[in-house]
Each structure stands twice: as C-alpha cells, then as structure tokens.
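Take a look at the structure set out below.
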Amino acid sequence: MAETKAQDAIAIKLKINGKEVTGYKGQTVLDVCKASGIHVPTLCHCEGLKPVGGCRLCIVEIEGQRRLNTACTTPATDGMVVATETPRLHDLRKRTLELLFSERNHICPFCPASGDCELQKAGYEHGITHVRYDYLLPRLPIDNSHPYMAQDHSRCILCSRCVRVCDEQVGAHTLDLSARGSMTLIAADAGAPLGKSSCVSCGMCVEVCPTGALFDKLSNRSLGRQELPTTQTVCTACGLGCWTSVKTRGHVVLQINSGKGPGNNEIICNRGRYDALKVANQPALQLPQLKKAAELVDVDWKAFAEELARRITSGRAGSDPSRVAAMVSPSLPLETIALVKQFMKDVVGSDRVGLTAGPELVAASEAFGLNGKAAPLARMSDLEDSDLIVGIGVDLQYSAPVAASAVRRSVNARKAQYVEINSRVTGLSALAGFRMTIKPGRDSVVLGATLRTMAERNLIQSTLSADDVAGLPDTKEQMFEHLSGVTVTEVVRLASLIAGARRPIFVIGSGITAQGTEAIESVINLAVGGNYFTADGRYRIMEIPRKANTAGARMFGTPAFSMADFDFQSTDVLLLFLGDDEPLWPAGWLEKARPMVHVSVFASHTQPASEIAHSLAPVCTWAQRSGTFVSLEGRLQKTRQLVDAPASVMCDGEILKAVAKAMGKSFTPSVAACMPAGVKVAEGQFVPTAEPARQIVTCKSKAQGAKSRV
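In terms of our numbering, the sequence shown has 444 at position 444, counting the first letter as 1, and numbering is strictly consecutive.
What follows is the structure, encoded as structure tokens:
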C-alpha cells in the first residue's frame with residue numbers, strides 16, 4: 001500500500017520498539033515503519049503492488065494480540081504498540097529463510113543475482129551460515145525461450161511479485177501460480193514457454209523479482225556485484241515520456257529499469273527497456289565518411305566540413321540557398337531542431353526545414369489550431385479515469401505499450417469498456433468489447449455519421465443546430481455501407497456506447513491522423529458535439545504520435561515540408577538529421593533522393609538512409625546526449641546524458657560550427673533564442689495549450705465531399 005499523504009489523512013500515534021512515531025490513517029504498519037526509518041525485513045512486498053503477506057518475514061508483535069501479524073497487511077491504528085525486533089521474531093524469520101533456502105536450489109556463487117539478491121541479503125542479516133533442514137534439491141526447468149529474459153525455477157521463492165506486477169500494473173496477466181505445494185511454479189499462460197506466451201516483453205517481472213529466478217539476458221553477465229552509477233532520465237522510445245533508471249559502466253549502458261513516473265506510472269515497456277538498451281550499445285559510427293568511387297570512406301572532420309560546405313556554396317545551391325533543405329527527426333531533442341533552424345537561417349540563408357514525419361504532423365497542427373502551442377488533449381490520468389476507451393486508428397501495444405497497459409488495467413480492474421475502430425487487427429483487438437472494421441480512409445465519414453446518429457436520436461446533451469446536423473455524413477446516403485465497410489447497425493451501436501458513457505476518451509493514432517485534417521476534425525467534432533471535455537477544459541482525446549518529440553516539434557510552428565510533400569526537383573543539397581531514428585520512409589522516397597547533388601546524413605548508426613548519403617556524420621546516441629522533450633501529455637521533460645560519446649564524435653552544435661567555418665561564416669549556437677516560447681516553463685510542468693474549439697467544424701464543401709465519398 002502506498003503511503004498516504006499527510007495533507008490528505010488523519011495523523012495517528014504509534015509506539016514502535018519503544019519509540020513514539022507518527023503515522024496516518026490508511027497506512028499499514030510497514031508503511032509507518034519505513035517512514036520512521038525502522039527496518040522490517042520483507043521479500044514478497046513490493047512498492048506499488050497490493051500486499052499479500054506471503055513470505056512472513058515482516059511479522060511483528062502487537063500488544064494485546066496473541067498471534068503475530070504481517071506488517072505489510074496490518075492497518076496501523078492510533079495507540080498501537082508494536083515490536084519489530086525480538087528474539088522470538090528473529091528466530092522465526094531465520095527459520096523461514098532456512099526453509100526457503102532448502103526448498104529449492106539457491107546456489108549463490110552461480111547465480112547472476114548474487115550480490116543483488118534480496119533473499120541472500122536477508123540471509124546475511126539473520127546470520128545464516130548453514131541450513132538446519134534437508135535440501136529438497138528438486139530438478140526444475142529453465143525457460144530460455146524468450147529473447148530478452150530467462151526463467152530459472154530453481155531460484156524462485158514463490159513471492160508472487162512477478163504475478164502481481166503482470167496483473168496489477170502491466171495488465172497482461174500472463175504469469176500465474178500453477179500446481180500446488182512443493183510443485184508450485186510460476187507459469188506463463190497455464191504452461192506455455194515464456195517466449196511463445198502472451199508476454200508483452202516489458203520486463204517488469206524481472207525488475208521486481210527479488211532473486212535470480214527471472215533475469216535479463218542482455219545484462220545478466222555484465223552487471224557484476226559492485227555498486228553501479230544510476231541515472232534518472234526520460235525514455236525517448238515514444239511520446240509518453242516515461243521515467244527510467246539507468247545503470248551504466250564506462251561507455252556502456254548496462255540496464256534500464258522503471259523510474260516510477262511521471263504521475264502514477266510505475267512501469268516501462270519493451271521499447272524503453274530492451275530496444276533502447278540495444279540501440280545504446282550497438283556498434284555506432286565513429287568517424288565522418290565521404291562517398292568516393294561509390295563507397296563511403298572514413299575521413300576527418302575537417303574534410304567532412306569542407307566537402308559539405310563546398311556543396312552548399314557551389315552550383316545552383318550557391319546562387320539559390322532555397323535549394324538547400326534540412327530534415328530533422330521528431331525523435332531528437334528540441335535543442336537539435338532549434339540549432340538546425342538557426343543554422344539554416346543564419347548560415348545557409350534557407351528557411352526550408354522540415355521533419356521526417358508524414359502528413360499527420362501538419363494535419364494535427366491545423367486541426368487543433370496549435371499556433372506554437374501544445375494540443376489541448378487528455379492525459380494519462382484521464383485515460384485511467386475513463387469508463388469508455390475508443391481506440392481509433394491506433395495500435396497501442398505497438399506505438400505506446402505503457403498506454404496499452406493502462407487500457408488493460410481499466411478494462412480488467414475497473415470494468416471500463418474498450419471499443420476499437422481500425423482497419424487492421426491490433427495488439428488490443430482481443431480486449432475490445434466492440435470492434436468496427438472501417439475501410440481505409442473512411443474514418444471521418446463513419447465518425448461524422450456517428451455524431452449525426454447521436455444527435456438525431458437525442459443521445460447527447462449538447463444542442464447541435466439543424467445546419468450542424470445537416471452538414472454531417474448520413475447513414476441514409478446511398479452506398480454508405482458498401483463504401484465505408486460498416487453497417488448502419490454498427491454505427492447505431494457505436495453511438496449508443498459513446499452516449500452511454502460518462503467519461504469517454506478517444507485515443508487516436510497515425511491510422512487516422514495520416515488521413516488529414518478532416519479525419520482529425522471528425523474526432524474533435526465527437527468530443528465537442530457530445531461535450532466530452534476534461535474538468536479543466538481539454539478535449540477527451542489522446543493522440544499517440546509516432547515519435548518521442550512530435551508534440552515539441554509542432555511548437556516550432558508548421559514545418560516547411562514533411563516526407564509526404566517534399567519537393568525533390570527543387571532541392572540540390574539535403575541535410576538529414578536522424579540521430580538514432582530510422583524513419584518509416586514512404587515507398588521509393590530514398591530512391592527519389594539518390595540523384596540529388598549531395599545528401600548528408602547525421603546519424604549515430606548505419607541505416608537505410610546511409611546508402612544514399614554522399615557524406616555521413618556520426619552523432620551522439622540517445623544515451624550520449626541530453627535534451628528537452630515535450631510528451632504527448634504536454635509535459636516538459638529533460639533527458640540526462642548517461643555515458644560519454646567517443647572522442648571522435650562531435651555534438652550537433654560543434655558539427656554545424658565546423659561547417660559554417662568551412663563556408664567562411666561565423667555561427668554561434670543560440671538554443672535559447674530559437675526555442676519555442678511555449679517551452680519556457682519549469683521542467684515537469686505542462687506547456688501552454690491551444691484553446692479548444694467549442695463548435696463543431698462543418699461546412700457545405702466538407703459535407704458535400706463527405707457525401708460524395710459515401
């Protein structure tokens with residue numbers, strides 16, 4: 001049980017080990033002990049998980065009670081007198097530990113968790129030098145089927161931490177207890193190998209395991225027993241911006257765990273734990289390269305800068321700077337985007353700075369009317385509080401797994417409903433109580449028809465004018481069902497489900513945002529038409545962007561271009577700032593860029609774009625740089641540098657300074673001057689948001705266009 005905040009609870013007085021301490025109503029005895037600096041040994045207890053009192057290590061004596069109580073499950077009461085350290089308690093705890101050691105094969109010198117094992121630590125604390133019971137020495141299996149983690153049943157103490165975290169926080173409930181007595185095991189999906197189960201690979205079971213029963217394959221042999229530097233930072237794998245706690249040694253990132261935040265988030269996912277670890281440690285580019293005789297060869301920074309400068313200042317680009325363009329990945333920090341914009345404007349003289357994104361970025365900016373601010377959208381707390389979640393064109397399990405866990409928790413624990421509207425099957429399709437398969441590109445028509453149905457059947461409280469209703473798509477239109485892929489009955493059911501919810505939330509992804517402004521406006525119309533706003537006036541809409549800093553990149557204003565509308569014919573020199581990102585290039589995009597006079601790629605690793613590059617600049621990985629990000633909630637967060645980059649790798653600002661010098665110009669990076677005004681808030685605070693619309697968006701042209709499509 002989490003500690004209750006003092007300002008929200010009634011203070012109580014307890015006496016623990018003869019010392020008077022203060023607690024709060026709602027806390028357990030263990031909570032009060034921890035807050036008062038009194039050590040009580042535990043094994044099955046884990047912060048953030050429901051206490052079960054299974055290991056019996058936290059037993060305490062309470063005056064007036066004959067039996068012993070587990071501190072983790074016993075509520076603290078005013079006037080309670082507790083003893084946590086007595087000869088009787090020490091002896092019982094020691095016997096419990098000896099039984100645990102004898103039950104299975106805990107051979108510490110051969111265990112990857114040795115030195116970081118809670119069972120081992122408890123054994124030392126209680127002076128266990130030998131075990132008085134016969135060792136059972138069972139022959140138990142090792143499950144090595146999973147690509148990232150392994151399970152050794154011989155080291156398991158059946159504390160059920162992994163089972164509870166998988167159920168209560170991840171929401172997958174892949175793990176559970178099987179069999180009974182001494183044959184009890186932690187099983188995945190009633191006995192399936194872990195690698196072939198419904199496991200979502202978040203690694204939270206490994207993180208909470210107190211022994212070596214579950215361990216990471218990517219780091220189990222490198223952690224060792226020494227205390228390692230640990231840094232709190234922000235995950236940049238997606239737009240959620242989860243906090244992480246990262247262990248490093250030298251230039252190597254060894255392990256990534258959850259940083260417990262922001263908000264009430266307790267977990268991270270496979271993208272933030274394992275994929276990020278692999279990216280941080282995979283072989284990176286060390287030296288700049290130039291293409292000579294169709295091959296990229298290593299050169300020094302001076303040669304790289306001089307060649308890029310020559311290409312920018314000669315030929316058609318030299319006389320017309322607009323033929324030089326730069327494209328930046330929205331997965332990079334705001335500082336990098338600001339530096340590139342400053343360099344292009346002050347040094348090159350071109351304002352052609354775009355983003356490696358599709359049409360969804362511009363469409364969202366237009367639909368939400370951002371104008372340099374963040375979208376007024378729902379946050380994770382709103383998602384957790386909703387009673388109906390409508391996923392539209394989004395695969396949460398792929399694009400934001402932590403948000404997918406929030407949906408599973410809401411459905412499994414709070415009995416919320418999940419509705420999925422998607423042309424494809426997703427990782428949460430099986431969770432949906434109602435699923436609508438729309439033909440690609442028809443979302444705005446179906447959503448508009450849903451709002452019209454809600455209005456015509458008096459299912460919503462807000463009053464729409466007759467013109468508003470008439471401007472919406474109609475299910476009575478000829479060929480509606482054939483062209484949209486859904487039936488009128490399905491539209492009516494969707495309308496009823498949305499109208500019957502008190503706190504619905506619409507979660508949208510690139511499947512709908514890539515369809516353009518009108519598709520996003522159809523979702524906004526649902527929120528406005530049904531008066532679905534949060535308590536502080538934001539839309540009950542959550543957008544899941546493709547990249548970690550999409551929300552921040554939009555605050556610079558509408559980019560000059562995206563991958564969808566890039567003009568190859570008017571570009572001679574293209575600078576691609578990619579970092580760790582490997583964009584989903586549209587079909588044939590890279591081939592169209594190949595004939596350009598010069599393509600310069602700024603990346604940390606070799607990737608598909610490297611094949612068309614005439615010059616290649618090594619840049620810092622996500623772990624070697626710090627920077628500012630804006631999460632999809634609109635929260636300003638800063639990442640921390642975890643390890644040093646190789647001496648041969650220069651930071652973004654230094655590279656651009658070198659190129660400017662080779663061009664015979666001066667360039668003084670001024671990040672603060674080029675950053676969006678809206679991000680000048682304290683770290684952890686929410687950036688300013690645009691004003692949400694209060695009227696639905698309809699017009700005759702849009703209505704006619706919608707009708708013509710159906």
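Built from N, CA and C at the ideal position, the CB exists for glycine as well.
{"query": "Secondary structure of C44, DSSP reduced to three states", "result": "coil"}
{"query": "Buried versus exposed call for L584 [16 or more other C-beta atoms within 10 Å across all chains shown]", "result": "exposed"}
{"query": "Rounded C-alpha distance that separates R538 from L377", "result": "5 Å"}
{"query": "Closest residue to R442 among I696, T28, S429 and A519 (Cα-Cα distance)", "result": "A519"}
{"query": "Classification of H45 by the beta-carbon crowding that lies within 10 angstroms, buried from 16 upward", "result": "buried"}
{"query": "Unbroken alpha helix (DSSP H) run spanning S496, endpoints", "result": "V488 to G500"}
{"query": "Alpha helix (DSSP H) segments (min. 4 residues) lying fully within the stretch 631-660", "result": "none"}
{"query": "Whole-number beta carbon distance between M555 and G372, since they are thought to touch under 8 Å", "result": "6 Å"}
{"query": "Alpha helix (DSSP H) runs contained entirely in the stretch 337-361, provided each spans 4 or more residues", "result": "none"}
{"query": "Residue span of the alpha helix (DSSP H) that contains I312, given as start and end", "result": "W301 to T313"}
{"query": "Any 3 or more C-beta pairs closer than 8 Å across the stretch 497-511 and the stretch 451-470", "result": "yes"}
{"query": "Identified DSSP bridge partners for H598", "result": "V573"}
{"query": "Three-way DSSP call (helix, strand, coil) for A400 in this model", "result": "coil"}
{"query": "Whole alpha helix (DSSP H) elements within the stretch 199-250, 4-residue minimum", "result": "204-208"}
{"query": "Neighbourhood of C620 by C-beta distance below 7 Å, restricted to the same chain and skipping five residues each side", "result": "S604, A645, V649 and C651"}
{"query": "Inter-residue Cα distance where the pair is S510 and V394", "result": "6 Å"}
{"query": "Collapsed DSSP secondary structure at S701 in the structure displayed", "result": "Residue placement at S701 is poorly supported in this model, since its pLDDT is 37, which falls under 50; the coordinates still yield a value, given next. Helix at S701."}
{"query": "R444 versus C269, A514, A35 and E98, residue with shortest Cα-Cα distance", "result": "Checking the sequence, you will find Ser at residue 444 rather than Arg. Closest by alpha carbon: A514."}
{"query": "DSSP state of Y274 mapped onto helix, strand, coil", "result": "helix"}
{"query": "Cα-Cα separation between Q461 and E366, rounded to whole angstroms", "result": "28 Å"}
{"query": "Spatial neighbours of D143 in its chain, beta-carbon cut-off 7 Å, leaving aside the 5 residues before and after", "result": "A150, Q151, P193 and L194"}
{"query": "Residue nearest to S399 in terms of C-alpha spacing, selected from C72, L92 and V200", "result": "V200"}
{"query": "Close Cβ partners of G18 (< 8 Å) along its chain, the five nearest in sequence each way excluded", "result": "none"}
{"query": "S322 and R273 closer than 9 Å at C-beta", "result": "no"}
{"query": "Residue burial classification, D78 (beta-carbon count within 10 angstroms, cutoff 16)", "result": "exposed"}
{"query": "Sequence-distant residues of its chain with Cβ nearer than 8 Å to V469 (five each side left out)", "result": "R452, A455 and E456"}
{"query": "Cα-Cα separation, D300 to L287", "result": "7 Å"}
{"query": "Whole-angstrom C-beta distance between L57 and L43, which should lie under 8 Å", "result": "5 Å"}
{"query": "Best match in T475, T558, T174 and S329 for proximity to E582 [C-alpha to C-alpha]", "result": "S329"}
{"query": "Residue environment, D580, which counts as buried when at least 16 other CB atoms sit within 10 Å", "result": "buried"}
{"query": "Cβ neighbour criterion (16 or more within 10 Å) applied to V643", "result": "buried"}
{"query": "Start-to-end residues for the alpha helix (DSSP H) that takes in T715", "result": "Nothing can be reported for residue 715: it is not among the residues displayed for the chain, which extend from 1 to 710."}
{"query": "Stretch-stretch touch, CB-based, cutoff 8 Å, three pairs: the stretch 404-421 with the stretch 166-176", "result": "yes"}
{"query": "Buried versus exposed, by CB contacts within 10 Å (16 or more), F343", "result": "buried"}
{"query": "C-beta contact flag for V390 and P545 at 9 Å", "result": "no"}
{"query": "Other residues of its chain near T698: CB distance less than 7 Å, five sequence neighbours each side excluded", "result": "D468, G471 and L472"}
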